[in-house]
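Residue numbers (UniProt numbering): 1 to 285. Structure first, commentary second.
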Amino acid sequence: MSQVTVVGLGPMGSKMAETLLASGHQVAVWNRTASKAAPLVAKGARQAESAADGELLVVSQISYQAMYDSLGDARLDGKVVVNLSSDTPEALRGAARWVQERGGTLITAGIMVPPPGIGQPGAYTFYSGPKEVLDRHAGTLEALSEVTYVGPDQGLAMMYYQAQLLIFWSSLTSYMHAMAMLRTAGTSPMEFLPFARDLFTQLGSEGPMGYAKILAQEFEAGEYPGGENSLHMQAVGIGHAVAALADAGLETTMPGALKALFERADAEGRGHEGLGTVIESIRKP
Ligand SMILES: NC(=O)c1ccc[n+]([C@@H]2O[C@H](COP(=O)([O-])OP(=O)(O)OC[C@H]3O[C@@H](n4cnc5c(N)ncnc54)[C@H](OP(=O)(O)O)[C@@H]3O)[C@@H](O)[C@H]2O)c1
């Protein structure tokens, strides 16, 4: 069993430390607000003397600035820092250089579960950075989730993470608009739930509504056949949906932004193509 120092004891870091302890690892913990270490020390963790106290540092904080603030001017010779915090891919690339200048190696990560999912079946984390270094610690990190390596570029794990979150946030916000609109007509969220579930399932399916795969194939081919459901038809349709939300007295920021995007793609002359053509407008703002 290995030794690991968990830096950052918010909801995520605390659950990571607890999970590593439960897997039999020797765990040290460090947090800016030191009192958060107490419950973990009670479970057998060691109170680290500093954020850099250890050879394998697993960091989970609000941003990469927090890592700079925590490590300060400590040397990191031979140490491996695995950072599962959120930031921009560019910030992660800069952090990789910062850790290297201090003698260490940075592995970046984006963990795809909330605290209750840590250590549970189905949990996975995107990792990027030098593969041979990750491989040395994969056995330890597997206690947290499946280890999914996406490449040597330290920005990449965050891009995969944010790609997933863009889908998560925007689709769930649309779901909230949908529930709120139906509620104004007296339909309860639970009455609508089976239909929402069916749509989420179908979008990931192989069928005619399997748009996750359809859009990926169209993007790869660079062709967006309009067929029997043109973008123009949908740009008009989303205008109706935005007006429906406004008529129901609801806010329309996000659906309104989608309407503007669809209308731009239409105005750019691709209204006869399919919905997938919107990606060309996204790529050329
Ligand atoms: N929660 C989730 O469901 C979830 C899921 C996947 C990924 N994530 C990511 O995981 C990371 C941690 O999330 P979280 O929910 O545990 O909590 P969080 O609120 O994002 O981060 C809290 C941690 O950051 C530390 N911190 C903040 N500013 C600091 C600074 N300047 N210097 C040192 N430490 C600082 C806090 O220390 P103090 O205790 O001293 O304030 C605390 O340990 C985030 O990047 C988040 O995006 C979260």
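The C-beta atom is built at its ideal place from N, Cα and C for all residues, glycine as well.
Check your understanding: Residues in its own chain within less than 6 Å of residue 202 by CB, not counting five upstream and five downstream?
Key -> Excluding positions up to five away in sequence, the list reads 209.
Check your understanding: What are the start and end residues of the alpha helix (DSSP H) that includes residue 173?
Key -> 156-184
Exercise for review: Could you tell me if the beta carbon of residue 9 falls within a distance shorter than 8 Å of some heavy atom in ligand 1?
Suggested key: Yes; taking the cut-off as 8 Å, the Cβ of residue 9 has a heavy atom of ligand 1 nearer than that.
Check your understanding: Using CA coordinates, which residue listed in 212, 9, 64, 102 is at the minimum distance from residue 39?
Key -> Among 212, 9, 64, 102, the Cα nearest to that of residue 39 belongs to 9.
Review point. So, are the CB atoms of residue 84 and residue 2 less than 9 Å apart?
Key: no
Review point. Among the residues of its own chain, which have a CB less than 6 Å from the CB of residue 346, if the five just before and after it don't count?
Key: The displayed coordinates of the chain run from 1 to 285. Any statement about residue 346 would go beyond what the structure contains.
Review point. Considering residue 222, what are the terminal residues of the beta strand (DSSP E) in which it resides?
Key: Taken as a continuous stretch (DSSP letters only), residue 222 belongs to no beta strand (DSSP E), as it is neither H nor E.
Exercise for review: Kindly indicate if chain B contains any beta-carbon less than 9 Å away from that of residue 190.
Suggested key: The structure shown contains no chain B; it holds only a single protein chain.
Review point. Would you say residue 129 and residue 162 are within 9 Å of each other, going by their C-beta atoms?
Key: no
Review point. So residue 71 packs on residue 52, CB below 8 Å; how close in whole Å?
Key: 6 Å
Exercise for review: Starting from the C-beta of residue 245, find all residues in its chain whose C-beta is less than 7 Å away, skip the five residues before and the five after it, and write them out in chain order.
Suggested key: Hits under 7 Å: 177, 181, 252, 255.
Review point. Expressed to the nearest angstrom, what Euclidean distance is found between the alpha-carbon atoms of residue 120 and residue 227?
Key: 43 Å
Practice item. Starting from residue 151, follow the beta strand (DSSP E) in both directions and report where the run begins and ends. Key: Counting along the chain, the unbroken beta strand (DSSP E) around residue 151 starts and ends at 146-151.
Exercise for review: May I ask whether a heavy atom of ligand 1 can be found less than 8 Å away from the beta carbon of residue 50?
Suggested key: The answer is no for residue 50.
Check your understanding: Is it a yes or a no for the stretch 75-83 touching the stretch 93-105, going by three-plus beta-carbon pairs under 8 Å?
Key -> yes
Check your understanding: Where do the ends of the beta strand (DSSP E) carrying residue 52 lie?
Key -> Element bounds for residue 52: n/a, residue is neither H nor E.
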